[in-house]
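For reference, the structure is listed below as structure tokens.
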Ligand SMILES: [Zn+2]
Ligand SMILES: [Zn+2]
Ligand SMILES: [Zn+2]
Ligand SMILES: [Zn+2]
Ligand SMILES: [Zn+2]
Ligand SMILES: [Zn+2]
Ligand SMILES: [Zn+2]
Ligand SMILES: [Zn+2]
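In the working numbering, the protein residues as written are 154 to 450.
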């Protein structure tokens, strides 16, 4: 009987240590009940992101600028009793749980377990979203949603580069990431920004980022309805033209044939150029003829 009440006491005590102060400590990145001592500069920070924001930003002198080697953190300080200690989940002095989610490998503490954190050994870091919802793709060398298991385009180390829009390193970013049909990756917000600016192509390889077949069909129909006069058919048009009509030159193809069939936007990926090219082709060809004639080309 006595044993029973003692263990109930113990459980109550443990529960209170798991909950004590939870949600009241931490930073904008993690709710946690300890601070870390950076092994690189010996200074105290709430988390590695706080360290990097302070030490690896443009405001920091170039010679002092550095990132924290996150796996090398060996000392933490309990936020409740201020005891400096080795990395453990529970404080050696007051016994409080310093983070409901704890990874000994990454030295990661986080009270917000709703993030469903898990450690991926292949990535070598902790990720969020639940282990059951993700798999590690060996070729892309990153964790992807199980929904993409057999239907994504693998790109060698797809996440181990900077976002092509904002240039932040993608592999361990805290923001949401999306994988395009072509296999290239970028932040979800950065992709939204692209579409807000009517960019529907991958910033890396210029392939369409969504199903554009309806639009291509419309453009094909429009092109088919205004056939090229026979004198201009199968003439070659160079990058120069695209520049003249006020568009950036095509990256995929330097030479376009004026034959509407060849110049489908599916090949170019830049439908605006095609429409403009088509509309302006007649005067452009004349203009070029004049230009060449005047300049003896
Ligand atoms: Zn440091
Ligand atoms: Zn932080
Ligand atoms: Zn403590
Ligand atoms: Zn981890
Ligand atoms: Zn992984
Ligand atoms: Zn892959
Ligand atoms: Zn980005
Ligand atoms: Zn791409």
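All C-beta atoms, glycine included, are put in the ideal place defined by N, C-alpha and C. Keep in mind that this is a model prediction, so the values were computed, not measured.
Count the other CB atoms, across all protein chains shown, that sit within 10 Å of the CB of residue 249; report buried if there are 16 or more and exposed otherwise. Residue 249 is classed as buried because its beta carbon has at least 16 other beta carbons within 10 Å across all chains shown.
Can you say whether residue 264 is buried or exposed, counting buried as having 16 or more other CB atoms within 10 angstroms of its CB? Classified as buried, residue 264 has 16 or more neighbouring CB atoms from the shown chains inside 10 Å of its CB.
In whole angstroms, what separates the C-alpha of residue 328 from that of residue 322? Between residue 328 and residue 322, the C-alpha separation is close to 11 angstroms.
Quick one, what's near ligand 8 if you take every residue whose CB is closer than 6 angstroms to any heavy atom, in chain order? That query returns the following residues: 333, 335, 337, 355, 357, 358, 360.
Helix, strand or coil, according to DSSP, for residue 376 in the structure here? In the three-state DSSP reduction, residue 376 falls in the helix class (H, G or I).
Quick one: is residue 211 buried, meaning 16 or more other Cβ sit within 10 Å of its Cβ, or exposed? Residue 211 counts as exposed, since fewer than 16 other beta carbons sit within 10 angstroms of its beta carbon.
Counting C-beta neighbours from all protein chains within 10 Å, is the total for residue 349 16 or more, i.e. buried, or is it exposed? Flag for residue 349 reads exposed.
Test item: CB-CB of residue 334 and residue 362 under 8 angstroms: Cβ atoms of residue 334 and residue 362: closer than 8 angstroms.
Rounded straight-line distance, which links the Cα of residue 278 to that of residue 217: Near 26 angstroms, if we compare the C-alpha coordinates of residue 278 and residue 217.
C-alpha gap between residue 312 and residue 326, whole angstroms: Between residue 312 and residue 326, the C-alpha separation is close to 10 angstroms.
Within this structure, are the beta carbons of residue 337 and residue 308 separated by less than 8 angstroms? Yes, the Cβ-Cβ distance between residue 337 and residue 308 is below 8 angstroms.
The stretch 249-258 contacting the stretch 269-278, beta-carbon criterion three pairs below 8 angstroms: Judged by Cβ distances under 8 angstroms, the stretch 249-258 makes contact with the stretch 269-278, as three or more pairs qualify.
Using a Cβ-Cβ cut-off of 6 angstroms (strictly less than) and excluding sequence neighbours within five positions of residue 172, which residues of its own chain qualify? Taking C-beta separations shorter than 6 angstroms and ignoring five residues to either side along the sequence, residue 172 has no partners in its chain.
Residues in its own chain within less than 6 angstroms of residue 234 by CB, not counting five upstream and five downstream? Same-chain partners within the cutoff: 246, 247.
In the DSSP output, what is residue 297 paired with across the bridge? DSSP output for residue 297 lists 288 as bridge partner(s).
From which residue to which residue does the alpha helix (DSSP H) around residue 341 run? Run containing residue 341: 341-349, per the alpha helix (DSSP H) assignment.
What number of angstroms, rounded off, separates the C-alpha of residue 232 from the C-alpha of residue 178? One C-alpha to the other measures close to 7 angstroms.
Kindly examine ligand 2 and report whether one of its heavy atoms sits closer than 7 angstroms to the Cβ of residue 180. Result yes, Cβ under 7 angstroms from ligand 2.
For the alpha helix (DSSP H) that contains residue 223, what are its first and last residues? Where residue 223 is concerned, there is no enclosing alpha helix (DSSP H), given that its DSSP letter is neither H nor E.
Just how far apart, CA to CA, sit residue 213 and residue 219? Their Cα atoms are separated by approximately 9 angstroms.
Would residue 229 be called buried (16 or more neighbouring beta carbons within 10 Å of its own) or exposed? Sixteen is the threshold: when 16 or more other Cβ atoms of the shown chains lie within 10 Å of the Cβ of residue 229, as they do, the residue is buried.
Option in 288, 225, 243, 238 with minimal Cα separation from residue 258: The option with the nearest alpha carbon to residue 258 is 225.
Going by the CB atoms, is the gap between residue 190 and residue 200 shorter than 8 angstroms? No. Outside cutoff.
I'd like to confirm something about residue 342: is its beta-carbon nearer than 7 angstroms to some heavy atom of ligand 2, or not? Every heavy atom of ligand 2 is 7 angstroms or more from the Cβ of residue 342, so no.
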